[in-house]
Structure formats: structure tokens, C-alpha cells
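Residue numbering for the sequence shown follows our numbering, starting at 6 and increasing by one per position.
Every residue, glycine too, gets a C-beta built ideally from N, C-alpha and C.
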Amino acid sequence: PLLTGKKAFGDWKADRPGVRRLIKPDDLQTPNVAESASNSGGVTDRPEDAKPILPPGFSAELVASGIDSPRVVRVAPNGDLFVADSRANQVRVYRLAEGSAKPAEKSVFAKGLTRPYGIAFYPPGDKPQWVYVANSNSVVRFPYRDGDLEASGKPEMVVPDIPSSHHWTRDIAFSPDGKTLYLSVGSGSNIAEDMGASPKGGVEEWARSAPLGAAWGAEEGRADVIAFDPDGKNRRMVATGLRNCSGMTVQPATGALWCVVNERDELGDNVPFEYATTVKDGAFYGWPWYYIGNNEDPNYKGARPDLAGKVTVPDVLIQAHSAPLNIAFY
Numbered sequence: 006p007l008l009t010g011k012k013a014f015g016d017w018k019a020d021r022p023g024v025r026r027l028i029k030p031d032d033l034q035t036p037n038v039a040e041s042a043s044n045s046g047g048v049t050d051r052p053e054d055a056k057p058i059l060p061p062g063f064s065a066e067l068v069a070s071g072i073d074s075p076r077v078v079r080v081a082p083n084g085d086l087f088v089a090d091s092r093a094n095q096v097r098v099y100r101l102a103e104g105s106a107k108p109a110e111k112s113v114f115a116k117g118l119t120r121p122y123g124i125a126f127y128p129p130g131d132k133p134q135w136v137y138v139a140n141s142n143s144v145v146r147f148p149y150r151d152g153d154l155e156a157s158g159k160p161e162m163v164v165p166d167i168p169s170s171h172h173w174t175r176d177i178a179f180s181p182d183g184k185t186l187y188l189s190v191g192s193g194s195n196i197a198e199d200m201g202a203s204p205k206g207g208v209e210e211w212a213r214s215a216p217l218g219a220a221w222g223a224e225e226g227r228a229d230v231i232a233f234d235p236d237g238k239n240r241r242m243v244a245t246g247l248r249n250c251s252g253m254t255v256q257p258a259t260g261a262l263w264c265v266v267n268e269r270d271e272l273g274d275n276v277p278f279e280y281a282t283t284v285k286d287g288a289f290y291g292w293p294w295y296y297i298g299n300n301e302d303p304n305y306k307g308a309r310p311d312l313a314g315k316v317t318v319p320d321v322l323i324q325a326h327s328a329p330l331n332i333a334f335y
């Protein structure tokens, strides 16, 4: 079924394959800035017979368990599974047995990292020569040959000095031609509480010299998607105002960069929406002053009238606080 309007809002209990929720910008409710309640879930053992409910033609099998903090899985061209074990500061690799989900071989590809998250193979194609890993504070790369289960050399620094407080997940992706490395850097706070009211020289001067919607102070260079050459040189801004782009990928048919974004908290149960979107060059997606187009955050009422009407509306809206973590095309 396709759920629209008020019926499009629900919870995980009603979600299952085939349920579609069409959420539009007009479905936004009035923000509620009252103090939010907290009701975090706990962790319990998985029952032996419990499995995800999947669409017809799909199946789920356990590959590995007992991993400290598996956050991102990327598949090498040869089918090996590279897993970012973030809290353990390492990247694991699993080679599955033929016709089975059970690993025939497994290893720690690299350790001594700093909360690794994003993983990418370079150059794109069947014969990558490097494995790029996005730490919370840097991007490094390891020499790679088809079938390597352990890194054959020490990490080479590609992008140093990435700010790493608060939102620490850093994802990476390459353009189809291999000429551009994309990096997502989430905000350092919920709504830029420590950014400061205005930058040195004032907002007008900042707006003339900085990318559209760029934050300053403690948030400078954050809530952005940034591009580099594969060697880390030629840094350039792609898009701003993406509070926490926690997962990125390139759409195979078009080459367009997509990301999923965790939006801000404390504006109400259904405000604002999370989203998945193409990342348009030069676009501003709102954070912290606006959200989902020209909707002004009440915490910044009247602060940036110069940005009104300049916010790019995301392509696909997702119910607030769903916390989408990654994205893939199939």
C-alpha cells in the first residue's frame, strides 16, 4: 500500500516489505520547541528463529557475529566483505565460501584506526589498487591487490585534520570516472549551539566570501559534503547545510552522488523530516537556519534572511528521527 498524508506517519511495528510512505514538504507540522522526552531502547539477545522480514526473492543469513561495532559493509570487486568495526578501530574482511553465507576466510585488514566508517576502493572497476578508509578525523588509504585479506603496507594520509567531535561518521565515495573523492562531514552539534551569533567581520562579509549557507566558528567545514582529488589535493566544497550525511553512494546509471541525512532534534516528534537526496553542486540544504526548503528553524528566527528562498529541497523525505544510516541502489 501507498500511505499518504497523516497515514504516512507510523512506527517500525507497521513497517514491512511493500509498505510505502509518501511524505511531502507540505506534510510538515508546526515545530514544537518544548523539552523533548527520552525513551531509549535496550539491547537483548536475538531469538534463535528471528530473521528480518524480506521482499520475495531475498533471503537473510548470518555471516558473522560477536563484532564489537560493525557500522558499514562494502563489497570488494571480488566479493570480499569489508566491515568497518568502528569502536574497535579496525576494518575486518570476510571471504564467503562458495554458495554459502559462511566465511571461508576472515581477517583484520587494518587496525589502529580512529573510528573508521566509510570504505571505498580505488580506482573504480574490477582492479582497485587502494582501499580508502574514512576515520573520524582523517581519510587514509592502504595498498591493495585483488584478494588481500590484510593490508600490505602502512596507511597513507590522504585527508588530514577532519573535525571529529559529536557526529563522527565520515563516509566516502568516488565519482564513476575516479577523478573525485567525496567526503561527508557531519555537524559538531544539534543546531550549531556553539557556532556563535556571527563570524568575524559579520554575516554579510562571510556570505560574500564563503560557499552558500556555510557555517562558521566551531561548525566551519562541517555539515558539508567536500570533494578532493584522489590524492587529497584540490579541496572544494560540494554542498552545505547537510546536518549529518551519514551514508553516500553514486547512482550507477546517472553517476549522481546521493546521501542520506539525519536532521536535527528537539523540534517535535515529526519535525523536521530526514531525507535521501542527490547532492547538487553548490546547493545549500538548510542546516542550521532552515529545513526542508524555506522552513525557518525557530531557534534562528530572523537570523539569516539572506538565505530565504535559497534552500534546496531534498528529493526523498523520510519520517523524522528515523536516523537513516546508509543508502544503496539495486
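Quick one: using the 10 Å Cβ neighbour count with 16 as the cut-off for buried, is residue i buried or exposed?
i      : result
Trp263 : buried
Asn83  : exposed
Ile323 : buried
Ile177 : buried
Tyr335 : exposed
Ser143 : buried
Ser41  : exposed
Phe126 : buried
Gly47  : exposed
Pro165 : exposed
Asn4   : Nothing about residue 4 can be reported from this structure: the residues present for the chain run from 6 to 335 only.
Return the CA-CA distance between residue i and residue j, expressed in angstroms with no decimal places.
i      : j      : result
Gln256 : Ala333 : 8 Å
Pro181 : Asn44  : 42 Å
Arg269 : Arg150 : 41 Å
Thr174 : Val265 : 12 Å
Trp292 : Val163 : 28 Å
Leu59  : Gly23  : 9 Å
Leu154 : Asp73  : 19 Å
Lys111 : Asp85  : 9 Å
Glu279 : Arg146 : 31 Å
With respect to the beta strand (DSSP E) encompassing residue i, which residues constitute its N-terminal and C-terminal limits?
i      : result
Val38  : Per DSSP, Val38 belongs to no beta strand (DSSP E) and is neither H nor E.
Trp135 : Trp135 to Ala139
Lys111 : Pro108 to Lys116
Arg241 : Arg241 to Thr245
Gln95  : Gln95 to Leu101
Arg76  : Pro75 to Val80
Val321 : Val321 to Ile323
Asp32  : No beta strand (DSSP E) holds Asp32; DSSP gives it neither H nor E.
Gly252 : Cys250 to Val255
Val163 : Glu161 to Val164
Ala232 : Asp229 to Phe233
Would you give the residue range spanned by the alpha helix (DSSP H) that residue i belongs to?
i      : result
Ala212 : Val208 to Ser214
Please tell me whether residue i has its Cβ less than 8 Å away from any Cβ of chain D.
i      : result
Ile297 : In the structure shown, chain D cannot be found, because there is only a single protein chain.
Going by the beta-carbon positions, is the gap between residue i and residue j smaller than 8 Å?
i      : j      : result
Gly222 : Phe289 : no
Gly386 : Pro148 : This structure does not reach residue 386, given that the chain is present from 6 up to 335, and the question cannot be answered.
Pro349 : Asn300 : In the structure displayed, the chain extends from 6 to 335; residue 349 sits before or after that span and is not available.
Ala115 : Val96  : yes
Val318 : Gly298 : yes
Leu186 : Phe179 : yes
Arg336 : Asn275 : Here the chain has residues from 6 to 335 only, and residue 336 is not among them.
Pro303 : Val38  : yes
Pro160 : Arg227 : no
Q | Inter-stretch contact (C-beta, 8 Å, three-pair minimum) for the stretch 132–151 and the stretch 190–197 | A | Contact fails: fewer than three Cβ-Cβ distances are below 8 Å.
**Q.** Three or more C-beta pairs below 8 Å linking the stretch 47–61 and the stretch 113–122
**A.** no
Q: Would you check if there are 3 or more beta carbon pairs closer than 8 Å linking the stretch 95–111 to the stretch 60–73?
A: yes
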